[in-house]
Amino acid sequence: MLGGMPLVPSKDPQLVLLRHGETAWSASGQHTGRTDLPLTDAGVEQARTAGHALAGITFTAVYASPLERARHTAELVGHPDAVADPDLAEWDYGPVDGRTSADVSEAIGHEFQIFEDGVRVLSPDPAHGDGRPGELLADVAARARRFVERADTTLQAGGNVLAVAHGHLLRVLATAWIGVDPRYAARLELGTAAICQLGYGHDLRTIEGWNLPPHV
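For what it's worth, this note's numbering labels the leading residue of the sequence shown as 141, then goes sequentially.
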């Protein structure tokens with residue numbers, strides 16, 4: 141199943157990914173890493189709608205990023221007891237935090253591609269990311285792999301897992317699931333409150349549904 145097609149509960153265990161609902165910065169195209177923004181009113185409605193789409197799936201384990209926008213989304217889809225997992229926090233963008241891709245492109249003199257350039261193309265800036273240098277993509281991928289292996293233990297035992305987190309982190313997590321270079325995440329678009337289904341086919345890890353809109 142690809143974007144736009146209906147979400148259908150599977151008879152086999154699944155790792156379901158849910159991006160948080162809209163925030164002010166996701167709406168404006170600003171990179172939102174560790175800046176802890178709340179959901180907009182539209183984001184709240186998106187999350188509630190996603191909850192209806194997920195209502196037919198029983199989850200053995202539910203995890204959420206510790207950031208407010210993800211925790212609130214987990215609550216709105218019916219999982220206020222989601223386990224806060226720091227490995228699901230968004231990429232620490234450091235000096236890119238709060239900036240648009242156009243802003244960064246202008247500063248570096250070429251089109252900014254975060255999965256190729258990384259976030260350390262800019263010097264640490266107290267006004268963006270509190271002066272932190274930001275994470276390397278390899279560090280984000282390592283966190284994603286840790287989570288995938290923990291989730292896989294539950295799936296192998298027959299249970300479904302829900303992970304509520306962030307756009308770039310979840311895209312990298314999908315690459316970890318299927319065992320490809322994390323830079324491939326650039327090819328995986330993911331909208332706010334979109335749902336993804338990861339599972340197994342012929343004993344291989346597969347992407348069964350990607351970027352499914354919350355109205356499915």
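Think of the CB as a built atom: it goes at the ideal place given N, C-alpha and C, for glycine as much as any other residue.
Item, Value
"Which residue from G349, D257, E329, A222 puts its Cα closest to that of F199?", "A222"
"What is the rounded straight-line gap between the Cα of P354 and the Cα of L262?", "35 Å"
"Shortest alpha-carbon distance to L228 belongs to which of R239, D243, A316, D237?", "A316"
"Between T175 and D237, is the Cβ-Cβ spacing less than 7 Å?", "yes"
"Roughly how far, in whole angstroms, is the beta-carbon of A281 from the beta-carbon of P322, given that I think they are within contact range, below 8 Å?", "4 Å"
"Please classify P153: is it buried, with 16 or more other beta-carbons within 10 angstroms of its beta-carbon, or exposed?", "buried"
"Just to confirm the assignment: which complete beta strand (DSSP E) runs, minimum length 3, are found wholly within the region 201-247?", "201-204"
"Looking at C-alpha atoms only, which residue of Q296, D292, R260, G298 is the closest neighbour of L313?", "D292"
"Given a cut-off of 7 Å on the beta-carbon distance, is the pair L330 and G307 in contact?", "yes"
"In chain order, what residues of the same chain lie with their CB nearer than 6 Å to the CB of A210, ignoring the 5 residues before and after it?", "H160, A204, V304, A305"
"Measuring alpha carbon to alpha carbon, tell me which of H171, L194, S168 ends up nearest A333.", "L194"
"Out of V244, A267, P264, H268, point me to the one whose CA is closest to D257's CA.", "V244"
"By how many angstroms is the C-alpha of D265 removed from the C-alpha of D279?", "20 Å"
"Going by the DSSP bridge assignment, what does D265 pair with across the sheet?", "H268"
"Between the alpha carbons of I335 and T172, how many angstroms are there, rounded?", "19 Å"
"Please report how far the alpha carbon of R327 lies from the alpha carbon of A267, in whole angstroms.", "30 Å"
"Out of curiosity, what's the CA-to-CA distance linking G183 and A190?", "10 Å"
"If you draw a straight line from the alpha carbon of E348 to that of A164, how long is it in whole angstroms?", "30 Å"
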